[in-house]
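Chemist: First the structure, which I've put down as structure tokens, then a few questions once you've had a look.
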Amino acid sequence: MRNYSENSFRKFYVCLMFVEYITSKLIGLSPWMMDTPKIFRKNREVAGSSYNILLIISYILFDIFFVYNNLNTVNQTIASIAAKLAFFSIICMSIILLIYIIRQKSLVIVKNRFNDVDKWLNGCVDYQLDHDNTNYWIFFTNMVLIYCWSIVRIVFTVSWAIDIALILTMAFGFILIVQYTMIINMINKRLKSINATLLKLGSTSQRAILNDFCTIKNAYVELCDMSDKIADFYRIPTLIVVFLSCIRNINNIYQIILIFLHQAEIPSSAYLGGIFIIQICFSFTILTTSVTQVLRLHLSNFSNDLWHMKFEFTLCDIIPLDRTLLAVISGTTVTYLIIAIQFHLSKN
Numbered sequence: 015m016r017n018y019s020e021n022s023f024r025k026f027y028v029c030l031m032f033v034e035y036i037t038s039k040l041i042g043l044s045p046w047m048m049d050t051p052k053i054f055r056k057n058r059e060v061a062g063s064s065y066n067i068l069l070i071i072s073y074i075l076f077d078i079f080f081v082y083n084n085l086n087t088v089n090q091t092i093a094s095i096a097a098k099l100a101f102f103s104i105i106c107m108s109i110i111l112l113i114y115i116i117r118q119k120s121l122v123i124v125k126n127r128f129n130d131v132d133k134w135l136n137g138c139v140d141y142q143l144d145h146d147n148t149n150y151w152i153f154f155t156n157m158v159l160i161y162c163w164s165i166v167r168i169v170f171t172v173s174w175a176i177d178i179a180l181i182l183t184m185a186f187g188f189i190l191i192v193q194y195t196m197i198i199n200m201i202n203k204r205l206k207s208i209n210a211t212l213l214k215l216g217s218t219s220q221r222a223i224l225n226d227f228c229t230i231k232n233a234y235v236e237l238c239d240m241s242d243k244i245a246d247f248y249r250i251p252t253l254i255v256v257f258l259s260c261i262r263n264i265n266n267i268y269q270i271i272l273i274f275l276h277q278a279e280i281p282s283s284a285y286l287g288g289i290f291i292i293q294i295c296f297s298f299t300i301l302t303t304s305v306t307q308v309l310r311l312h313l314s315n316f317s318n319d320l321w322h323m324k325f326e327f328t329l330c331d332i333i334p335l336d337r338t339l340l341a342v343i344s345g346t347t348v349t350y351l352i353i354a355i356q357f358h359l360s361k362n
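Using this note's numbering, you'd call the opening residue of the sequence shown number 15 and step up by one each time.
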């Protein structure tokens, strides 16, 4: 019975990995030359870049000829705001895809360096990589929330062009945040395993301890450098997604508050606002929690040579990507909600 349960879970995780792989490729958030033999990598890189360029062109044409034309046909204020957000979000999504095309090699190099770090650490006597399924559950939960939001959006559709634009940009943005979180968790998992190995160093010979010490030190330096590269790659895309998500979240909460104050009727889109609030709380909480865990696991006291090596994740060097981000988002949201509600009440 236990073996059957383990096999079922293993098949479930394999399916999740496959869905993650296909989804990331289709929406342009995974370089096509990744997980490809070197002999075919150049051709896949060209094909993948061409596919992403076609995606950008398709998004822009769709934005101009369908979403933009719907801006003037929407009369309700809230629906008009949603239409303008959809138009602007498609443009931002195209910019992020362009960044991926230009800088995809750096992401591939970082992901390949995980294999190098694992090879070094596997040479340590007591090293064992911590196997957990956190990333799979994060991806699964994120996809469930995206599908729920998309289904409700389709059921209560107002304009098919605007709905498609909002679904695309919402899925794109939150998959990007989850992808960033999953990479940080990969670093976090190796740091946990390194800490566990350090506690066991005294149980082996002096020569083995010295060799393991040097290996762990090199692996730590490599992980620090990888975290810098990852933070640099995702800083602009993450800033764009956070900015757009905050605007949409303020709009959704504003709409819900007006309903509770009996200042507006209950529209079908109110259900969408509730799901979106859950989605944004989930995505930003797992991202900031992962960063906070990495910062706590740094080995500042491990060696005098490593005191300057730190893990830093920020939004374009503006806001730290730890719990500070949640505080800033919450404070900004409350401030603009107070202003918007006071303005609405003064008008009436």
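Backbone N, C-alpha and C fix where the C-beta goes; we use that ideal spot for every residue, glycine too. These numbers were taken from a predicted model, which means no experiment stands behind them.
(1) Report the rounded CA-to-CA distance for phenylalanine 227 versus serine 103, giving the unit in angstroms.
(2) Three or more beta-carbon pairs under 8 Å between the region 296-304 and the region 332-340, yes or no?
(3) Residues in the same chain with beta-carbon distance under 8 Å from leucine 253, minus the five sequence neighbours each way, listed in chain order, please.
(4) Taking 8 Å as the cut-off, does the region 147-157 touch the region 240-255 (at least 3 CB pairs, one atom from each stretch)?
(5) Rank Leu111, Ala96 and Tyr350 by C-alpha distance to the C-alpha of leucine 286 and give the top, closest one.
(6) Between which two residues does the alpha helix (DSSP H) holding cysteine 138 run?
(7) Is the beta carbon of serine 297 closer than 9 Å to that of isoleucine 191?
(8) Check whether the Cβ atoms of asparagine 232 and tryptophan 163 sit closer than 9 Å, and answer yes or no.
(9) Using 8 Å as the Cβ pair cut-off and three pairs as the minimum, do the region 187-201 and the region 151-171 touch?
(10) CB serine 241 to CB leucine 143, shorter than 9 Å?
(11) Skipping 5 residues on each side, what residues in its chain have a beta carbon closer than 8 Å to that of leucine 351?
(12) When DSSP labels each residue in this structure, what does leucine 329 get in the three-state scheme?
(13) Which residues bound the alpha helix (DSSP H) around lysine 361?
(14) Going by Cα to Cα distance, which pick from Ala61, Asn126, Ile109 and Ile181 is closest to isoleucine 71?
(15) Which residue from Phe26, Leu30, Ile261 and Gly62 puts its Cα closest to that of leucine 40?
(16) Note the first and the last residue of the continuous alpha helix (DSSP H) segment covering leucine 213.
(17) From this set, Leu275, Val342 and Gly288, which residue's C-alpha is nearest glutamine 356's C-alpha?
(18) Give the DSSP bridge partners of proline 334, in chain order.
(19) Return the chain-ordered list of same chain residues with a C-beta closer than 8 Å to the C-beta of lysine 25, the five sequence neighbours on each side being excluded.
(20) Apply the 10 Å Cβ neighbour rule to tyrosine 234 and answer buried if 16 or more other Cβ atoms are within range, or exposed otherwise.
(21) Within the same chain, show all residues whose beta-carbon is closer than 8 Å to that of valine 308, passing over the 5 residues directly before and after it, in chain order.
(22) Which first and last residues belong to the alpha helix (DSSP H) in which serine 164 is found?
(23) If you reduce the DSSP assignment to three classes, tell me which class serine 44 lands in.
(24) Could you compute how far the alpha carbon of tyrosine 161 sits from the alpha carbon of glycine 187?
(25) What would DSSP say about leucine 85, mapped onto helix, strand or coil?
Modeler: So, from the data block:
(1) Near 48 Å, if we compare the C-alpha coordinates of serine 103 and phenylalanine 227.
(2) The region 296-304 vs the region 332-340: in contact.
(3) Closer than 8 Å at Cβ, skipping near neighbours: Leu329, Cys330 and Ile332.
(4) With the rule of 3 Cβ pairs closer than 8 Å, the region 240-255 does not count as touching the region 147-157.
(5) Taking only the C-alpha atoms, the option nearest leucine 286 is Ala96.
(6) It is not in any alpha helix (DSSP H) - cysteine 138 carries neither H nor E in the DSSP assignment.
(7) It is a contact, given that the beta carbons lie within the stated cut-off.
(8) Asparagine 232 places its beta carbon 9 Å or farther from that of tryptophan 163.
(9) The region 187-201 vs the region 151-171: in contact.
(10) No. Outside cutoff.
(11) Its chain contains Ile264, Ile267, Tyr268 and Ile271 as the residues whose beta carbon lies nearer than 8 Å to that of leucine 351, once the 5 sequence neighbours on both sides are disregarded; these appear in chain order.
(12) In the structure shown, leucine 329 sits in a strand (DSSP, three-state: E or B).
(13) Annotation for lysine 361: the continuous alpha helix (DSSP H) segment containing it runs 337-361.
(14) Its Cα nearest to that of isoleucine 71, the residue Ile109 stands out among Ala61, Asn126, Ile109 and Ile181.
(15) The shortest Cα separation from leucine 40 among Phe26, Leu30, Ile261 and Gly62 belongs to Gly62.
(16) No alpha helix (DSSP H) contains leucine 213, which DSSP labels as neither H nor E.
(17) In this structure, Leu275 is the residue among Leu275, Val342 and Gly288 with its C-alpha nearest to the C-alpha of glutamine 356.
(18) Within the DSSP bridge table, the entry for proline 334 names Thr328 as partners.
(19) Same-chain partners within the cutoff: there are none.
(20) Tyrosine 234 is buried by the Cβ-count criterion.
(21) These residues qualify, in order along the chain: Ile198, Ile201, Asn202, Leu205, Ser241, Phe325 and Phe327.
(22) Taken as a continuous stretch (DSSP letters only), the alpha helix (DSSP H) holding serine 164 covers 148-169.
(23) Coil.
(24) Spanning the two alpha carbons is a distance of roughly 14 Å.
(25) In the three-state reduction of the DSSP assignment, leucine 85 falls in the coil class, being assigned neither a helical nor a strand state.
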